[in-house]
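Enquirer: If you scroll down you'll find the structure; I have some questions about it.
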Amino acid sequence: MFDVVSVGHFAIDSIFLPDKKAPFIVMGGPAAYVSLVARHLGATVSVVSKVGGDFPGAYLWWLQQEGVNLSGVVKIEKAQTTRCELKYTDNLSHRKLKLKNKAPPITVEDLPKSLKAKTVHIAPIAGEITYEVAETLRSRAEWLSLDPQGLVRNFDKKGNVTCDSLADKRVLELVDIYKSSLDEIKAITGMSSLNSGVKAVHDCGAEIVIVTLGRRGAVLSVEETVYRIPAYKLKKIVDPTGAGDVFIGGFLAEHVRGENLLWCA
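In my numbering, the protein residues as written are 468 to 732.
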C-alpha cells in the first residue's frame, strides 16, 4: 500500500516569464508536483497517468530516480501528451493558460488492479478523469483527495481556458479532502463568498476543505472550523507554477503520518 497515489495527466509545459525572451520547457501536471513533494517528505508514492509517445523518457527516468513508482503510467506511442502554455504577467500574480494538446482520458481499465493507498489524490488537468474513475478510486483509498481544477476548466477552439461550473457534482460526495483556488470553489458551488463556498463543499461530505489564496496564504476548514494559514515569505519568486500542488503534496505527506492538521498545512 502506498502512502499517496496521484491520479492525473503528466504534461509538457511551455512557461513564459516576463524577464525571459523564450519559454522554458518542463515537465508539469499536478501528479508530478504532488508525488515529488510527498516523496521528498518521506511518503511512498505512485502515479496513475497517461502520456503520448512524445513524452521524454528522461522525465520518466528522473521520476523513478526520485523514488516515484510509475507502474500506473500508460504510454501510448501514437498519442500526444497533454501540453500547456503558461504566460505570466510582470509581477507573476496572474497567468494565461492555454491547452495545446490533450492526452487520452484515464479510464477504469487503466487503474492497476493492485492499487491501494492511504490517500489517493485526484488532480486532472483537462477533464481526463470521470466520475466512474473517481468512484473506483474511492474504494481503493482510506482517504480520497480532490483538486477539481481540471474538472471546471472550459477550453475554446484555440485552447484558451476559462473557469466553468462542475458538470458532475457527484464527485464531491466521494471526497474526504478538497483543495482548490478561490475562483474554483466559487465556480463549483455557485457561492459568491469564500465562507459560503467552503460550507457548501463540507455539506457535500468533505471533512477537510483547503482553499489556496496565492500570496495571501490559504484557508483550512476542518468540520467547519476555519483557520487562516499564512503564506511562506520568499525573498524572490522565480516561477509560481505548481505552487498549489506543492502545498497539497506536503499536506498529504504529513497527513498520512497522522500529524496535526495545522502542522500539515
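All residues carry an ideal CB built from backbone N, CA and C; glycine is no exception.
Source: prediction; values computed, not measured.
(1) Taking only runs that begin and end inside the stretch 539-623, name each unbroken beta strand (DSSP E) of 3 or more residues, in chain order.
(2) Quick check on DSSP: helix, strand or coil for Val713?
(3) Measure how close the beta-carbons of Val678 and Ser659 come, nearest whole angstrom, since I'm counting them as under 8 Å.
(4) DSSP state of Ala478, grouped into three classes?
(5) Do Ala510 and His476 have their beta-carbon atoms positioned less than 8 Å apart in this structure?
(6) Under the DSSP definition of a beta bridge, which residues are partnered with Met494?
(7) Which word fits Gln532, buried or exposed, when buried means at least 16 other C-beta atoms lie within 10 angstroms of its C-beta?
(8) Taking C-alpha atoms, which residue in Pro615, Glu595, Thr603 and Lys585 lies nearest to Pro579?
(9) Does DSSP classify Phe469 as helix, strand or coil?
(10) Could you tell me whether the stretch 580-593 touches the stretch 601-618, using the rule of 3 or more Cβ pairs below 8 Å?
(11) Return helix, strand or coil for Leu649, following the three-state DSSP convention.
(12) Would you list the one or two residues that DSSP bridges to Ala685?
(13) Compare the C-alpha of Pro591 against each of Val575, Val512, Asp577 and Leu613 and name the closest.
(14) In three-state terms, what does DSSP make of Ser659?
(15) Applying the criterion that 16 or more other CB atoms from any shown protein chain within 10 Å of the CB defines a buried residue, is Ala489 buried or exposed?
(16) Using the Cα positions of Gly717 and Ser688, report the straight-line distance between them to the nearest angstrom.
(17) Please confirm whether Thr574 and Ala478 have their CB atoms less than 8 Å apart.
(18) Look at Ala673 and Asp643 and say whether their C-beta atoms are less than 8 Å apart.
(19) Beta strand (DSSP E) containing Gly519: first to last residue?
(20) If you check the beta carbons only, do Phe491 and Ile482 fall under 8 Å apart?
(21) Let me know the secondary structure DSSP gives Val642 once reduced to three states.
(22) Excluding the 5 residues flanking Val697 on each side, which residues of the same chain have their C-beta closer than 8 Å to its C-beta?
(23) Please report the straight-line C-alpha distance between Gly496 and Gly709, rounded to a whole angstrom.
(24) Return the residue from the list Trp528, Val514, Leu719 and Asn558 that minimises the CA-CA distance to Gly681.
(25) Between the beta-carbon of Val535 and the beta-carbon of Ser516, is there less than 8 Å?
Expert: Reading off the structure:
(1) Fully enclosed beta strand (DSSP E) runs of 3 or longer: 549-555, 562-568, 584-589, 608-613 and 620-622.
(2) Within the sequence shown, the letter at position 246 stands for residue 713. Note: Val713 maps to helix in three-state DSSP.
(3) For the purposes of this step, residue 678 is taken as residue 211 along the sequence shown, with counting starting at 1. For the purposes of this step, residue 659 is taken as residue 192 along the sequence shown, with counting starting at 1. Wrong, their Cβ atoms sit about 14 Å apart, outside the cutoff.
(4) Position 11 of the sequence shown, counted from the start, is the residue given in the question as residue 478. Reduced to three states, the DSSP call for Ala478 is strand.
(5) Stepping through the sequence shown from its first residue, residue 476 is reached at position 9. Stepping through the sequence shown from its first residue, residue 510 is reached at position 43. No; because the gap between Cβ atoms is not below 8 Å, this pair is not in contact.
(6) Working through the sequence shown from its first residue, we reach residue 494 at position 27. DSSP lists Ile479 as partners of Met494.
(7) By one-based count along the sequence shown, residue 532 stands at place 65. Under this definition Gln532 is an exposed residue.
(8) On the sequence shown, position 112 is the one that residue 579 refers to. Looking only at Pro615, Glu595, Thr603 and Lys585, the smallest Cα-Cα distance to Pro579 is reached by Thr603.
(9) Counting from 1 along the sequence shown, the entry for residue 469 is found at position 2. Three-state result, Phe469: strand.
(10) As far as the Cβ criterion goes, the stretch 580-593 touches the stretch 601-618, which means the pair count is three or higher.
(11) Taking the sequence shown and counting its residues from 1, one reaches residue 649 at position 182. Reduced to three states, the DSSP call for Leu649 is helix.
(12) The residue you call residue 685 lines up with position 218 of the sequence shown. Paired residues: Thr679 and Ile696.
(13) If you number the sequence shown from 1, residue 591 lands on position 124. Comparing Cα-Cα distances from Pro591 to each of Val575, Val512, Asp577 and Leu613, the minimum goes to Leu613.
(14) Position 192 of the sequence shown holds residue 659. If DSSP states are grouped into helix, strand and coil, Ser659 belongs with coil.
(15) For the purposes of this step, residue 489 is taken as residue 22 along the sequence shown, with counting starting at 1. It counts as exposed.
(16) Counted from its first residue, the sequence shown places residue 717 at position 250. Counted from its first residue, the sequence shown places residue 688 at position 221. Roughly 17 Å between the two C-alpha positions.
(17) If you number the sequence shown from 1, residue 574 lands on position 107. If you number the sequence shown from 1, residue 478 lands on position 11. When the beta-carbon positions are compared, Thr574 and Ala478 stay at least 8 Å from each other.
(18) As a working mapping, residue 673 is identified with position 206 in the sequence shown. As a working mapping, residue 643 is identified with position 176 in the sequence shown. For the 8 Å CB-CB criterion, Ala673 and Asp643 form a contact.
(19) Numbered from its first residue, the sequence shown carries residue 519 at position 52. Its beta strand (DSSP E) spans residues Val512 to Gly519.
(20) Residue 491 sits at position 24 when you count from the first residue of the sequence shown. Residue 482 sits at position 15 when you count from the first residue of the sequence shown. Annotated as proximal: Phe491 and Ile482, with beta-carbon spacing under 8 Å.
(21) Looking up residue 642 in the sequence shown gives position 175. Val642 falls in the coil class under three-state DSSP.
(22) Numbered from 1 along the sequence shown, position 230 holds the residue referred to as residue 697. Before going further, note that residue 697 is Pro rather than Val in the sequence given. Answer for Pro697: Gly684, listed in chain order.
(23) The count along the sequence shown starts at 1 and reaches residue 496 at position 29. The count along the sequence shown starts at 1 and reaches residue 709 at position 242. Linking Gly496 to Gly709 through their CA atoms gives a straight-line distance of about 8 Å.
(24) For the purposes of this step, residue 681 is identified with residue 214 of the sequence shown, where counting begins at 1. Closest by alpha carbon: Asn558.
(25) Here residue 535 refers to the residue found at position 68 when the sequence shown is read from its first residue. Here residue 516 refers to the residue found at position 49 when the sequence shown is read from its first residue. No, the Cβ-Cβ distance between Val535 and Ser516 is not below 8 Å.
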